[in-house]
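Taking it in order: structure first as structure tokens, then the write-up.
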Amino acid sequence: MRIGYPCINRSIGCTSSRTFRLASYSDRRLVETVESNLDCLEAVLRWNAAHGILFFRITSDLVPFASHSVCKHDWAGRFRDRFRSLGRIVRRHRMRTSMHPDQFVLLNALDERIVTGSVRELEYHARVLDLMGLPASAKVQIHVGGVYGDKPSAIGRFVERYRRLKAAVRRRLVVENDDRCYTVADCLEVSRLTGAPVLLDVFHHKVNSSGGSLRDALRLCAATWQRADGPPMVDYSSQEPGQRRGRHKEQVDLRDFQRFIAQARDVECDVMLEIKDKEKSALKAARLVSGTPQ
DNA sequence: GGCAGTCAAGTACGC
DNA sequence: GCGTACTTGACTGCC
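For the first sequence, our numbering assigns the number 11 to the initial residue and increments by one for each residue that follows.
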């Protein structure tokens, strides 16, 4: 079981999520920003390797505006060697990576323009992982999308558009249950119709459950991952008490995490900790899993 | 230097 | 029909 954290390492003092405003877009600004983001990504990957953290979510901001019509620059060509060498670090240490496009990616939207933009965004994400030379086990996770008052039709649109995606995107795409609209059962149905693996979000399953135990959900989701997809990915987080619904905890609650691990005992999976203090909690969880004293 | 408002992109929900 | 909540971190303009 690999333990990971998303996008940001607070111990290093750099960010791979630097961006800028659309109004100040220029090719020069783009190149400078991407250069800085890739430098930081390399530092983070090296830090992770040195600390035994073998799972990491790469930020969607790595190449700002990559899927936007304003961006005409051949960033992939310009940074080809950089991406390749980052991928070598990942492979050398047997690390795993993922990416998670944000809420604006909606394959099942009613508005075709939103669908077009979403497809472009997915192609950008798949391209980053392709440029790094990573296998199909490096995933791009999205939610099913909106319901639009008719869930069966909304799922139907998702399936139809999934089938139209380029193979390079489809091989990486996984669907994740969300906290309001699409439960694990819904995602399993989408998986049955598309073949896309289901990434279980433990916290979302708690607040938007389709019934059944966590253990059942883990096993059902795990069964949707084929050999080439690698071990199932799982997102783990928990509610910060007394805060707004959905707010993630500041630090991992190791007792709760241990209960989760106990439920996942015979399901081989890689776990992404969505916890505010990022790598600190990931280190604690990784020590717990490996049996190293805290 | 610090702070508050804003940022490419959307949906769901309450009123 | 309209405004707001939703999550999050970085940017930007203002003091």
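Backbone N, C-alpha and C define an ideal beta-carbon position, used for all residues, glycine too.
- By alpha-carbon distance to Y15, the top candidate from F93, L228, H110 is H110.
- Distances from the CA of L40 to each of H78, C17, R20 were compared; the closest alpha carbon is that of H78.
- In the DSSP annotation of this structure, P162 is not part of any beta strand (DSSP E); the continuous alpha helix (DSSP H) holding it starts and ends at 161-174.
- Between the region 94-108 and the region 45-63 there are three or more inter-stretch CB-CB distances shorter than 8 Å, so the stretches are counted as touching.
- Linking R182 to V129 through their CA atoms gives a straight-line distance of about 13 Å.
- As a beta-bridge residue in DSSP terms, T107 pairs with F66.
- Collapsing the DSSP output to three states places H258 in a strand.
- Spatial neighbours of N19 in its own chain (CB-CB distance under 7 Å, excluding positions within 5 residues in sequence) are listed in chain order as V54, W57, K288, E289.
- The alpha-carbon of A272 is positioned some 15 Å away from that of I13.
- Counting along the chain, no alpha helix (DSSP H) covers K288, and no H or E run does either.
- In the DSSP annotation of this structure, the continuous segment of the alpha helix (DSSP H) that includes G87 starts and ends at 85-88.
- Here V138 really is in contact with L72; their C-beta atoms are around 6 Å apart, less than 8 Å.
- Segment contact: the region 187-194 against the region 153-164, three or more CB-CB distances shorter than 8 Å; contact assigned.
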